[in-house]
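Everything on this sheet refers to the single structure shown next.
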Amino acid sequence: NAGVMQNPRHLVRRRGQEARLRCSPMKGHSHVYWYRQLPEEGLKFMVYLQKENIIDESGMPKERFSAEFPKEGPSILRIQQVVRGDSAAYFCASSPRIETFQETQYFGPGTRLLVL
Amino acid sequence: KQEVTQIPAALSVPEGENLVLNCSFTDSAIYNLQWFRQDPGKGLTSLLLIQSSQREQTSGRLNASLDKSSGRSTLYIAASQPGDSATYLCAVKSNDYKLSFGAGTTVTVRA
Chain A
1 NAGVMQNPRH
11 LVRRRGQEAR
21 LRCSPMKGHS
31 HVYWYRQLPE
41 EGLKFMVYLQ
51 KENIIDESGM
61 PKERFSAEFP
71 KEGPSILRIQ
81 QVVRGDSAAY
91 FCASSPRIET
101 FQETQYFGPG
111 TRLLVL
Chain B
1 KQEVTQIPAA
11 LSVPEGENLV
21 LNCSFTDSAI
31 YNLQWFRQDP
41 GKGLTSLLLI
51 QSSQREQTSG
61 RLNASLDKSS
71 GRSTLYIAAS
81 QPGDSATYLC
91 AVKSNDYKLS
101 FGAGTTVTVR
111 A
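Chains A and B, in that order, are what the protein sequence lines are. Okay, so the first sequence: first residue is 1 according to my numbering, each after it adds one. Okay, so the second sequence: first residue is 1 according to my numbering, each after it adds one.
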């Protein structure tokens, strides 16, 4: 059973370009979470999605950021018109269902985004 | 809003010494607390998960304690090894799904 997969692992963009980050959850998992880790900071929750639904996007910046988890295919985190402050590691996690207090989220290796 | 703090930010010890990593959180209404290990360029590996009703969890050389009322957790690593060098993250779950992370403690174990 493959773990959570993210691609690309590293992404370089110039200011103003678009960044697309992909996350394939573990097999059998229908819940996906995105976190962002800025340099020298902890991971910050961005968004929680189920198939075809955004459940909680309270951690997403109001502009330029969007996320989706279609019925088929990976979850996508999209950043439009990137700025240098978007440079960070973006982690995806998945779980099989709404978690009980006993369960954990399984994290992918992350995508390191660098904006020049 | 849950705030999670980890002290110290970095720690360097000789091989064989015991490690003590601290985590504090501001809101004691939690579901559980989890310790993760993060290696450079890699994802997060879950080490220990302590439910809110528990006081500690143990796995091999690792032991984590939880004092929910005071908002504190401590991760102990016995007889440290160079392979223990990594960043250790503390995360608190305050609702069904959202994890709040500390900034981590970066550990270096010198051979």
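Heads up, the beta-carbon is just placed ideally off N, CA and C, and yes, glycines get one too. The model shown is predicted, which means the values in this text are computed figures rather than measured ones.
Practice prompt. State the start and end residues of the unbroken beta strand (DSSP E) segment that holds E68(A).
Written response: For E68(A), the enclosing beta strand (DSSP E) has its first and last residue at F65 to E68.
Item to complete: Spatial neighbours of R112(A) within its chain, please: CB distance less than 6 Å, with the 5 preceding and 5 following residues excluded, ordered by chain position.
Response: A distance below 6 Å between beta-carbons, with the five flanking residues on each side excluded, links R112(A) to the following residues of its chain, in chain order: H10 and A89.
Discussion item. Which of the three DSSP states is assigned to R84(A) in this structure?
Written reply: Helix, per DSSP.
Fill in: Straight-line Cα distance separating D86(A) from L112(B)
Residue coverage of chain B in this structure runs from 1 to 111, which leaves residue 112(B) outside it and unanswerable.
Worksheet item: Who pairs with V47(A) in a beta bridge, going by DSSP?
Response: For V47(A), which the question treats as bridged, DSSP gives the partners W34(A).
Discussion item. Is there a C-beta anywhere in chain B that falls below 8 Å from the one on P61(A)?
Written reply: Residue-level contact by beta carbon fails for P61(A) and chain B, as no gap is shorter than 8 Å.
Practice prompt. Verify the CB distance criterion: does T111(A) have a CB-CB separation below 8 Å to chain B?
Written response: No, T111(A) lies away from the interface with chain B (no Cβ there is under 8 Å from its Cβ).
Practice prompt. Could you name the residues of chain B that E40(A) contacts, counting a contact when the two beta carbons are closer than 7 Å?
Written response: Neighbours of E40(A) on chain B, chain order: A103.
Discussion item. Check whether the region 39-56 of chain B and the region 5-14 of chain B are in contact - that is, three or more C-beta pairs closer than 8 Å.
Written reply: Touching, no, given that fewer than three Cβ pairs across the two stretches are closer than 8 Å.
Worksheet item: Q50(A) touches chain B at which residues, Cβ-Cβ below 9 Å?
Response: Residues of chain B whose Cβ lies closer than 9 Å to the Cβ of Q50(A) do not exist, since the nearest Cβ in that chain is about 10 Å away.
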